[in-house]
Amino acid sequence: MPEGDSLHRAARKLQVLVGERVAVETPNPRAAAAVPADRLDGRKLEAVEAVGKNLLLSFEGGLVLRSHLRMSGRWQVVDRGAARHGKPWLVLSGREREALLWNGPVLELSARATRRLGPDILAVPPDFDGMVANLRGVPQARELGDALLDQRLVAGIGNVWKAESLWRARLSPWLRLADVDDEELERVLREAALLMRASVDRRTDGRAVYKRAGRPCRRCGEPIRSRGQGDANRTAYWCPRCQPER
Ligand SMILES: [Zn+2]
9 MPEGDSLHRA ARKLQVLVGE RVAVETPNPR AAAAVPADRL DGRKLEAVEA VGKNLLLSFE
69 GGLVLRSHLR MSGRWQVVDR GAARHGKPWL VLSGREREAL LWNGPVLELS ARATRRLGPD
129 ILAVPPDFDG MVANLRGVPQ ARELGDALLD QRLVAGIGNV WKAESLWRAR LSPWLRLADV
189 DDEELERVLR EAALLMRASV DRRTDGRAVY KRAGRPCRRC GEPIRSRGQG DANRTAYWCP
249 RCQPER
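For the working numbering, count along the sequence shown from 1 and bump the result up by 8.
Next up, the structure:
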């Protein structure tokens with residue numbers, strides 16, 4: 009199964025095409041249905057990077073092609089025009105080399121400039137695996153509440169939803185990433201996605217901790233606390249009893 013390191017290897021292989029205008033074909037009909045090759049054909053490939061379990065290929069004009077390799081997907085770089093056996097999903101041809109993507113991965117083209125952003129918390133469905141992988145890819149001494157606001161790791165969580173989702177997940181913003189397991193990371197991300205989706209749909213049951221410092225926790229009655237967190241010193245709100253530091 010492709011893990012982070014094989015994705016990083018694939019990203020490194022594909023660097024030979026970065027900066028070139030590439031011809032784009034989708035020989036596999038399922039890939040042709042997923043990606044309109046004519047929207048990419050002839051554009052300059054600006055960057056290739058591994059983010060979580062995805063490879064993001066950024067083309068000029070803000071188009072980003074996301075390739076998730078699942079179990080079987082594989083990128084290969086060969087000389088342009090080399091003999092092929094079978095129908096690759098995608099072929100990116102530069103002047104001298106071409107990159108081929110083999111075997112049923114997830115391919116998705118988006119027009120957002122997402123190259124520097126983590127997976128979108130409001131995506132349907134959200135890529136929780138990618139978010140957890142990003143959170144594990146930074147120094148684990150970082151505080152959970154600070155990391156959740158880092159848009160390069162998870163895109164879309166702001167200070168309100170950080171506070172509310174941590175309260176719901178019963179996790180302190182002051183825990184180090186090293187102190188929480190993957191299930192806990194996913195739990196707080198799921199709470200954030202639920203709350204934010206509800207907010208988008210204008211369904212809300214009010215705030216439990218945000219800007220409620222000194223008022224009683226709705227679950228346990230303990231006064232909510234607040235303190236600045238992270239380099240930007242954004243105020244964290246939490247219940248010291250429901251969200252203990254370990
Ligand atoms: Zn409480």
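Even glycine gets a Cβ: it sits at the ideal position worked out from N, Cα and C.
As the structure is a computational prediction, the values presented were derived from the model and not from experiment.
Contact check, residue i vs residue j, beta carbons under 8 Å
i: Leu125; j: Arg160; result: yes
i: Val54; j: Leu64; result: Note on identity: in this sequence residue 54 is Glu, with Val being the wrong assignment. It is not a contact, given that the beta carbons lie outside the stated cut-off.
i: Lys52; j: Arg29; result: yes
i: Leu203; j: Ser173; result: yes
i: Ala261; j: Val217; result: Residue numbering for the chain in the displayed model covers 9 to 254; residue 261 lies beyond these limits and cannot be assessed.
i: Val168; j: Met139; result: no
Contact test: residue i Cβ vs ligand 1 heavy atom, cutoff 7 Å
i: Glu230; result: yes
i: Arg205; result: no
i: Arg249; result: yes
i: Arg227; result: yes
Residue i in three-state terms, based on DSSP
i: His76; result: strand
i: Leu156; result: coil
i: Asp135; result: coil
i: Val43; result: coil
i: Val30; result: coil
i: Trp97; result: coil
i: Gln84; result: strand
i: Arg198; result: helix
i: Ser180; result: coil
i: Glu17; result: Note on identity: in this sequence residue 17 is Arg, with Glu being the wrong assignment. It is helical.
i: Pro10; result: At Pro10, the pLDDT of 42 sits below 50, so the modelled position is not reliable; the number obtained from the coordinates is stated separately. Coil.
i: Arg254; result: coil
i: Ala216; result: coil
i: Arg211; result: coil
For residue i, the residue or residues it bridges with in DSSP
i: Thr243; result: Gly236
i: Ala55; result: Ser66
i: Ala163; result: Asp128
i: Pro224; result: Pro231
i: Ser118; result: Val72
i: Leu203; result: According to DSSP, Leu203 bridges with nothing at all.
i: Trp169; result: Answer is none; Trp169 lacks a bridge partner.
i: Glu151; result: Arg184
i: Arg105; result: Asp87
i: Trp110; result: Arg82
Cβ neighbours of residue i in the same chain (closer than 6 Å, five flanking residues each side left out)
i: Ser118; result: Val72
i: Pro134; result: Ala201
Cut-off 8 Å between Cβ atoms - residues of its own chain near residue i, not counting five sequence neighbours on either side
i: Ala19; result: Val56, Glu57, Ala58, Leu63
Cβ shell of residue i (< 7 Å), same chain only, five flanking positions each side left out
i: Glu253; result: Ser180, Trp182, Leu183
i: Ser101; result: Val30, Ala31, Arg88
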